[in-house]
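Colleague:
In the working numbering, the protein residues as written are 1 to 444.
#1: Smallest Cα separation from residue 106: which of 90, 117, 97?
#2: Return yes when the Cβ of residue 132 is within less than 8 Å of the Cβ of residue 118, no when it is not.
#3: For the alpha helix (DSSP H) that residue 299 lies in, which residues bound it at each end?
#4: Between the segment 372-383 and the segment 400-412, do at least 3 Cβ pairs fall closer than 8 Å?
#5: Please name the residue in 153, 79, 259, 121 whose C-alpha comes closest to that of residue 247.
#6: Is the beta carbon of residue 285 less than 8 Å from the beta carbon of residue 313?
#7: I need the straight-line Cα distance from residue 254 to residue 148, nearest angstrom please.
#8: Report the partner residues of residue 160 according to the DSSP bridge assignment.
#9: Does the beta carbon of residue 241 sit closer than 8 Å to a beta carbon anywhere in chain B?
#10: For residue 221 and residue 368, what's the separation of their Cα atoms in angstroms?
#11: Which residue spans inside the segment 52-105 form an unbroken beta strand (DSSP E) run of at least 3?
#12: Is DSSP giving residue 140 helix, strand or coil here?
#13: Take every Cβ of the segment 227-247, pair it with every Cβ of the segment 190-203, and state whether three or more of those distances are shorter than 8 Å.
#14: With a CB to CB cut of under 6 Å and the five nearest residues on each side skipped, what residues in its chain are close to residue 281?
#15: Would you identify the three-state DSSP class for residue 26, choosing helix, strand or coil?
#16: Please list, in chain order, all residues of the same chain as residue 70 whose beta carbon is under 6 Å from its beta carbon, the five residues on each side excluded.
#17: May I ask which residues mark the beginning and end of the beta strand (DSSP E) holding residue 323?
#18: Less than 8 Å separating the beta-carbons of residue 337 and residue 273?
#19: Can the beta-carbon of residue 140 be found closer than 8 Å to that of residue 55?
#20: For residue 195, count neighbouring C-beta atoms within 10 Å of its own C-beta (all shown protein chains included) and say buried if the count is 16 or more, exposed if not.
#21: Do you know how far the Cα of residue 430 is from the Cα of residue 58?
#22: My output table needs one value for residue 348: the three-state DSSP class, helix, strand or coil.
#23: List the endpoints of the continuous beta strand (DSSP E) containing residue 385.
#24: If the criterion is Cβ atoms closer than 8 Å, does the pair residue 157 and residue 189 meet it?
#25: Classify residue 83: buried if its beta carbon has 16 or more other beta carbons within 10 angstroms, exposed otherwise.
#26: Given this structure, state the Cα-to-Cα distance separating residue 532 from residue 93, to the nearest angstrom.
#27: Can you tell me whether DSSP reads residue 32 as helix, strand or coil?
#28: Look at the Cβ atom of residue 309, then the Cβ atom of residue 185, and state whether they are nearer than 8 Å.
#29: Distance, Cα to Cα, residue 416 vs residue 394?
#30: Between the Cα of residue 404 and the Cα atoms of 420, 440, 349, 418, which residue gives the shortest distance?
#31: Helix, strand or coil for residue 328 per DSSP?
#32: For residue 178, which residues in the same chain have their Cβ closer than 6 Å to its Cβ, ignoring the five residues on either side in sequence?
#33: If distances are taken between C-alpha atoms only, which option among 331, 334, 350 comes closest to residue 340?
#34: Closest to residue 436 by CA distance: which of 356, 114, 399 is it?
#35: Quick check on this structure: which residue in 250, 243, 323 has the alpha carbon closest to the alpha carbon of residue 270?
#36: Excluding the 5 residues flanking residue 357 on each side, which residues of the same chain have their C-beta closer than 7 Å to its C-beta?
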């Protein structure tokens with residue numbers, strides 16, 4: 001009960017917002033359709049012992065960080081509705097009060113109501129994220145914030161014949177952050193397109209879209225319009241998708257530019273190996289976090305919550321590879337990612353390179369061991385900062401499944417952060433070691 005008392009009411013409301021929309025969507029057909037959903041829930045308690053809670057060179061301090069979490073997962077699929085919710089709400093407490101305690105919500109919720117199957121549908125989606133605000137500063141709870149993205153709208157498909165159809169959609173998206181800046185963006189967008197089925201495994205589509213983005217700072221508001229073409233290919237061993245487009249961006253400040261965009265997604269499965277690759281150039285805004293379900297471990301390191309309102313051209317490359325080595329009990333997972341962000345108003349540029357490798361070995365039926373290494377290279381080409389930071393993280397740990405419901409884990413992390421200087425002459429080394437243990441119990 002102490003945990004729920006510590007979680008503020010706005011976080012509880014945020015946690016259940018998507019569920020409320022889903023309930024509203026399902027009321028229309030619940031009387032005639034049996035609504036059965038898969039539901040699971042688990043609670044965990046963790047403690048992290050660290051020798052440098054501030055993650056700085058000049059202010060090192062020991063700290064015990066306690067994290068209490070509740071995770072819920074709901075899934076349902078039927079002719080009329082698809083829904084998927086996975087949220088983790090947590091409370092983080094610092095024993096020696098070196099940093100403020102905080103509450104977090106991480107996860108996503110999606111619901112699609114098929115009003116007329118294969119013709120008209122309405123979707124509701126939400127993403128909650130808790131991440132770094134300014135990569136130039138130390139990675140602590142004081143440099144993290146909660147962000148939220150909510151979107152909804154209809155999608156309409158009108159078939160002309162078995163292989164051709166027209167598509168229409170309209171989307172409302174609202175994104176916000178909970179830091180002191182209280183950044184917010186509201187995007188109203190719509191598109192009209194044509195889709196052609198080339199074969200049972202190939203589909204081509206072309207689309208014209210328009211969108212309007214409003215910020216709290218009206219001088220940064222934007223209008224954009226563009227054309228894009230997409231080819232989707234499904235094969236027996238994977239899938240391939242490529243989208244090419246061109247967008248014209250006009251800001252209320254009077255600045256305008258043309259942006260070439262693309263989105264490439266590739267998946268290849270053979271034997272027990274999986275290769276995934278994605279390359280994307282998009283026009284978006286900084287309030288919307290760079291979150292994607294296809295992100296690998298290296299790609300997940302790119303996620304951040306920027307503390308400013310701006311339009312950004314974001315280029316992202318993400319490649320992941322997973323396969324057994326030696327035997328089926330040992331799994332290699334490796335990935336690399338690159339991201340370049342070009343901020344249109346401030347003219348700042350940020351580049352990130354990330355590499356991750358992890359090896360997991362199943363020692364017994366109940367015990368698994370893992371070891372890993374992550375490297376990040378970050379270049380800040382800002383008006384007030386021009387430097388390169390490098391970060392190395394080594395990890396070693398294990399999990400013990402006591403039963404189907406109860407498990408414990410123990411992890412040791414060693415981190416070295418090399419902070420560059422604006423002059424390029426010298427840098428400082430910041431070291432941090434952490435030992436984390438946790439107990440998790442699935443009660444539903």
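Note that the Cβ used here is the ideal one computed from N, Cα and C, for glycine as well.
Modeller: In brief:
#1: The residue among 90, 117, 97 with its C-alpha nearest the C-alpha of residue 106 is 90.
#2: Result no, Cβ atoms of residue 118 and residue 132 do not sit closer than 8 Å.
#3: Secondary structure note for residue 299: its alpha helix (DSSP H) is the uninterrupted segment 297-300.
#4: A contact between stretches requires three or more CB pairs, one per stretch, nearer than 8 Å, and the segment 372-383 fails this requirement with the segment 400-412.
#5: Comparing C-alpha distances from residue 247 to each of 153, 79, 259, 121 shows the shortest one belongs to 259.
#6: The answer is no: Cβ separation not under 8 Å.
#7: Their Cα atoms are separated by approximately 29 Å.
#8: Looking at the DSSP assignment, residue 160 forms no beta bridge with any residue, so it has no partner.
#9: The structure shown contains no chain B; it holds only a single protein chain.
#10: For residue 221 and residue 368, the distance between alpha carbons rounds to 51 Å.
#11: Runs found: 63-77, 81-94.
#12: Reduced to three states, the DSSP call for residue 140 is coil.
#13: Contact holds: three or more Cβ-Cβ distances are below 8 Å.
#14: When the five nearest sequence neighbours on each side are left out, the beta carbons in the same chain lying within less than 6 Å of the beta carbon of residue 281 are those of 261, 262, 315, in order along the chain.
#15: The predicted model places residue 26 with a pLDDT of 49, which falls under 50 and marks its position as unreliable; any figure quoted below should be read in that light. DSSP, read as helix, strand or coil, puts residue 26 in helix.
#16: Answer for residue 70: 43, 89, listed in chain order.
#17: In the DSSP assignment, residue 323 falls within the beta strand (DSSP E) that extends over 311-325.
#18: For residue 337 and residue 273, no; Cβs fall outside 8 Å.
#19: With contacts defined as CB atoms closer than 8 Å, residue 140 and residue 55 qualify as a contacting pair.
#20: Classification for residue 195: buried.
#21: Linking residue 58 to residue 430 through their CA atoms gives a straight-line distance of about 9 Å.
#22: The answer is coil: DSSP assigns residue 348 none of H, G, I, E or B.
#23: Under the DSSP assignment, residue 385 falls outside any beta strand (DSSP E); it carries neither an H nor an E label.
#24: Contact flag unset, no.
#25: Residue 83 is buried by the Cβ-count criterion.
#26: In the structure as shown, the chain starts at 1 and stops at 444, and residue 532 therefore has no counterpart that could be examined.
#27: Residue confidence for residue 32 is low, a pLDDT of 45 falling below 50, so the modelled location carries little weight; the figure read from the coordinates is stated next. In the structure shown, residue 32 sits in coil (DSSP, three-state: anything other than H, G, I, E or B).
#28: Their beta carbons are under 8 Å apart, which means residue 309 touches residue 185 by this criterion.
#29: Distance between residue 416 and residue 394, taken at the CA atoms: about 9 Å.
#30: Considering only 420, 440, 349, 418, the residue with the shortest C-alpha distance to residue 404 is 440.
#31: Of the three classes helix, strand and coil, the one that applies to residue 328 here is strand, per DSSP.
#32: So the qualifying residues of the chain are 145, 146.
#33: Checked all of 331, 334, 350; the closest Cα to residue 340 is 350.
#34: For residue 436, the closest alpha carbon among the candidates 356, 114, 399 is that of 399.
#35: Checked all of 250, 243, 323; the closest Cα to residue 270 is 323.
#36: Around residue 357: 334, 372, 373.
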